[in-house]
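Quick note on numbering: this note's numbering labels position 184 of the sequence shown as 189, and the sequence is numbered without any gaps.
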Amino acid sequence: MDNVCIFDHPLIQHKLAILRDKSTGTKEFRALVSEIATLMCYEATRDLPLTDVKVETPLATADTKMIAGKTLAFVPILRAGLGMVDGVLSLVPGAKVGHIGMYRDPETKEPVEYYCKLPSDVPEREVIILDPMLATGGSAIDAVTRIKSYNPKSIKFMCILAAPEGLEALTKAHPDVKVYCAGKDLYLNDHAYIIPGLGDAGDRIFGTL
């Protein structure tokens, strides 16, 4: 999958190992999700457009570069995606944040949208969708489809863990969307949970176990 980036950076893998541990408490889990999101965002923003600028240093004029235009909007999929927002904003504090709310129907395992609020200038921005888990891919596919209707410059999807089934489904439905994940796991179980995974990310982030 040419449009999938799976991180092998030692810092990310180390933090991911602690994140998986069932003994990791809510406070530490929340901090780790944010830290991993920061590290992943560094790579996911590598291709942001630059413009030439002149800056006055204490000694002379420097020909240098800055990020061009309005650039980014982050869109977490509620609720678990909220855990990644502070981490990415620590790198790009000027980015705008939209929200899209979805839940998985317990019977059909299909995503159901209940909320969507995006910045009014989305057509001028590149969008990065945030969700810690890419399981069946249903929520991710629907979120991308919904956001495409707003005509952003581009869309990327950033998750912490992905199942092979979810990666295949998302890249097949939206081959133009680059996917970034910290780890690719083995499979989905009968309840559509990622194995070995880390449990329910939303419950572990917000302490609602």
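Every residue gets a Cβ at the ideal spot worked out from N, C-alpha and C, and that includes glycine.
Considering only Asp57, Leu53, Gly204 and Ala85, the residue with the shortest C-alpha distance to Lys70 is Asp57. The straight-line gap separating the alpha-carbon atoms of Val97 and Glu112 is approximately 39 Å. If you compare the alpha carbons of Gln18, Leu83, Asp68 and Arg51 with that of His104, the shortest gap goes to Leu83. Annotation: the continuous alpha helix (DSSP H) that includes Gly92 extends over Val90 to Leu94. Closest in C-alpha terms to Asp110, from the list Tyr47, Gly92, His196 and Leu87, comes His196. For Glu48, the uninterrupted alpha helix (DSSP H) run begins and ends at Thr31 to Ala49, by DSSP.
Nearest Cα to Ala78 within the set Tyr120, Lys27, Leu55 and Phe162: Phe162.
Under DSSP, Asp68 takes part in a beta bridge, and its partners are Lys59.
Contact between Glu170 and Leu193 is confirmed by a C-beta separation of about 5 Å, below the 8 Å threshold. Between Ile134 and Val149 a beta carbon distance of about 7 Å is seen, short of the 8 Å cut, so the two are scored as contacting.
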